[in-house]
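Numbering (the UniProt record's numbering), first residue to last: 1 to 782. Virtual Cβ for every residue (Gly too), placed ideally from N, Cα, C. Computed from a predicted model, the values in this text were never measured in an experiment. Take a look at the structure below.
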């Protein structure tokens, strides 16, 4: 049973100090249990087990064994103590709970005591929250938890309680279902009818010809490498008439069916049995509508702890390890006031759920964000997630606010994505967070996950992208948005680890028909730059000095396809000011796509719209994957730092200029194409610096220390600058420039491929002009 040891109680919770070092040696951390109880009583475990049962000590011990095992060796004894604790009480804000926080931080040894061969290590900071027991009730008993997560052992009481509570009390949950009549509710093309006897064969039904009586559940799971029963053209008729024999279902599928039945649901959707496998036609149709399948499910069942189809949802456990740790202070404790407190690790949600094997899978990111509510079956316990509540068996009433930093934002966005509709209404929510910010976060999380097939990179994210597109009224193509497209093209990889672009690979699992300008052409975590800004920009245009756009199928646009290198200096890049309100985006989008005059007879132009009518639920398709750009293409050199693994773009004639470069793949010094590189500035902002504030150590009124925000007119007037002054000399040379662009390699015939991105900050106008000194070039980015 998890608890707190006597050492931690006396030296931390009952200490009169606010901080001190924790344990003076490895032996002290893993040694005998320090308690007043007799050491040889039958109910006592071994000495190793005793210390492992202390929540604080066992967490620190596991970190050291996993991340810094050298600290367990006798020769490193001089490095101890390696952790320092501190204890404090959180200030109460509004309805927040009374909370005590205990934090453990790694303390690196001082240089004088480092031994020969010592390697620098970094242990994570560990935080634990203490809440008054009566503030987080009801709490489960060991008997209620049971020896496993199998519903047969605990009757499924907790999961039914969560669902019933959500149905009755959560006004913000299941809005789509509550506001849609039964006759108009979406049902998938196929479902499994699980309303029969427990182990009877289960039929695959096609809903176009079979009436569906009631809701359906969905399943999120890892396929793994082990082959299992799937729906094929060869067995489809048999599975529809005779059903799938119970023994042919994998353990994942059998457990999921039992869970759905426990919720009194008569149908379940399982991808491998509801989409015809090895049928491109059926896959293309069903994959594009996956967002509808998950958004309209009654509950998604997530088998979070199984790496393949055989692991199942249920796990054996010691219920004493799931029940929350309790601390009962001495009666005279002034800090804890004689109450009983519950002790919980801050990262319970992340470590036991988000860090599970299922949530490293790319497809599941979309499934998790689009499902109205989820039952996660993890390694040690069951978790619940709906727009109103994130909970687990340890804390069935919900995560207290201090522990909700990860689950809360996801919950908020799932709620907003649930109410999005096809009327392009803005995704309003209680938390005022822009859709652009959500998209940046979503891409970063999604690209941190893994996909078995690189060709799924875009379709596995389309469900989320579709809802964002409908809400904003902005066209979408291959992972990017048409509004301010020049900004988004400057995405970057978080870590440059690959030696080859996956989209250029011939390996089947990596290959994908995705252009180099899309982040989906890469694998690994992607960082999207700010797409929207209230600052004037100077940006590249298309070949006709219009905003960059996609050549989408089904759109009536005019595209100049004549390759031509301009010998005329391009006009000054237009300035723009952008907000991020849904209404404003829709207004500008409608204006951008307004029907243009018929120029189809003019030489060099053609209409790019295709005769086919595109279903707006389907992922958009491009007639051409090339983006037509008119900009100043320069030439530079990539210089790398082996120690920091950072890169810079060096430009001839601009000494001492630091331009951060982010190659998509690792450049090879012996490859001159990789080191000498083409580049183009896509977008730049001009920031005014009031002269009287030059040299001031405080942030200037025209910009802040983080974003260098352009000063508004009101701020400048308040600072003493007259917008109507005839003396323009006061503004001479008082601008600097920040911006970003892309690195490229030439592919011939006025075409380039993206190879990375770069950004520059606070450069002078002279330097900025140097970046733009080449003649304007019309080219295609492929």
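Residue interval of the alpha helix (DSSP H) (run including residue i)
i: residue 793; result: Since the displayed the chain opens at 1 and closes at 782, residue 793 lies outside it and no answer follows.
i: residue 98; result: From DSSP, residue 98 is part of no alpha helix (DSSP H); its letter is neither H nor E.
i: residue 280; result: 280-287
i: residue 319; result: 319-322
i: residue 341; result: No alpha helix (DSSP H) contains residue 341, which is instead part of the beta strand (DSSP E) from 341-345.
i: residue 437; result: 435-447
i: residue 293; result: 290-295
i: residue 28; result: 26-30
Residue i, DSSP secondary structure in three states
i: residue 240; result: helix
i: residue 365; result: helix
i: residue 246; result: helix
i: residue 502; result: helix
i: residue 132; result: strand
i: residue 685; result: strand
i: residue 636; result: strand
i: residue 477; result: strand
i: residue 2; result: coil
i: residue 398; result: coil
i: residue 153; result: helix
i: residue 412; result: helix
i: residue 522; result: coil
i: residue 731; result: With a pLDDT of only 41 at residue 731, under the threshold of 50, the placement of this residue in the model should not be trusted; the figure read from the coordinates follows. Helix, per DSSP.
i: residue 744; result: strand
i: residue 739; result: strand
Proximity to residue i [Cα-Cα], best of the options
i: residue 107; options: 409, 68 and 687; result: 68
i: residue 788; options: 751, 779 and 124; result: Any question about residue 788 goes unanswered here, given that the chain covers just 1 to 782.
i: residue 677; options: 629, 743, 625 and 522; result: 743
i: residue 777; options: 550, 540, 652 and 89; result: 540
i: residue 211; options: 171, 160, 247 and 266; result: 266
i: residue 1; options: 510, 134, 321 and 186; result: 321
i: residue 136; options: 411, 403, 279 and 466; result: 403
i: residue 252; options: 236, 237 and 304; result: 304
i: residue 435; options: 407, 622 and 466; result: 466
i: residue 250; options: 400, 441, 770 and 310; result: 310
i: residue 246; options: 237, 227, 203 and 208; result: 203
i: residue 468; options: 226, 370 and 238; result: 370
Contact set for residue i: own chain, Cβ-Cβ below 6 Å, skip 5 residues either direction
i: residue 26; result: 72
i: residue 383; result: 353, 376 and 392
i: residue 259; result: 301
i: residue 98; result: 132
i: residue 747; result: 753
i: residue 339; result: 132
i: residue 542; result: 548 and 628
i: residue 347; result: none
i: residue 772; result: 632
i: residue 785; result: Shown here, the chain extends from 1 to 782; a query on residue 785 therefore has no answer.
Spatial neighbours of residue i in its chain, beta-carbon cut-off 7 Å, leaving aside the 5 residues before and after
i: residue 24; result: 80 and 81
i: residue 307; result: 222, 224 and 357
i: residue 661; result: 638, 647, 648, 649, 743, 756 and 758
i: residue 675; result: 637, 638, 667 and 669
i: residue 150; result: 314
i: residue 12; result: 85, 87 and 102
i: residue 232; result: 276, 277 and 278
Expected contact under 8 Å - CB spacing of residue i and residue j to nearest Å
i: residue 784; j: residue 739; result: As shown, the chain starts at 1 and ends at 782. That puts residue 784 outside it, with no answer to give.
i: residue 342; j: residue 328; result: Their Cβ separation, rounded to whole angstroms, is 11 Å, which puts residue 342 and residue 328 out of contact at 8 Å.
i: residue 373; j: residue 386; result: 4 Å
i: residue 512; j: residue 554; result: Contact doesn't hold; Cβ gap of about 23 Å is too wide.
i: residue 406; j: residue 349; result: 6 Å
Beta-carbon proximity list for residue i, same chain, < 8 Å, skipping 5 on both sides
i: residue 269; result: 188, 190, 191, 192, 216, 217, 218, 219, 293 and 297
i: residue 497; result: 524 and 666
i: residue 153; result: 146 and 147
Boundaries of the beta strand (DSSP E) in which residue i is found, first to last residue
i: residue 543; result: Note, residue 543: premise wrong, no beta strand (DSSP E); not H, not E.
i: residue 69; result: Counting along the chain, residue 69 falls outside any beta strand (DSSP E), and DSSP gives it neither H nor E.
i: residue 762; result: 751-763
i: residue 216; result: 216-220
i: residue 20; result: 19-22
i: residue 267; result: 267-269
i: residue 326; result: 325-327
i: residue 616; result: First-last for residue 616: undefined, no H or E at that position.
i: residue 204; result: 203-206
Residue i CB to nearest heavy atom of the ligand HEM below 7 Å
i: residue 356; result: The model depicted lacks the ligand HEM and carries no ligand whatsoever.
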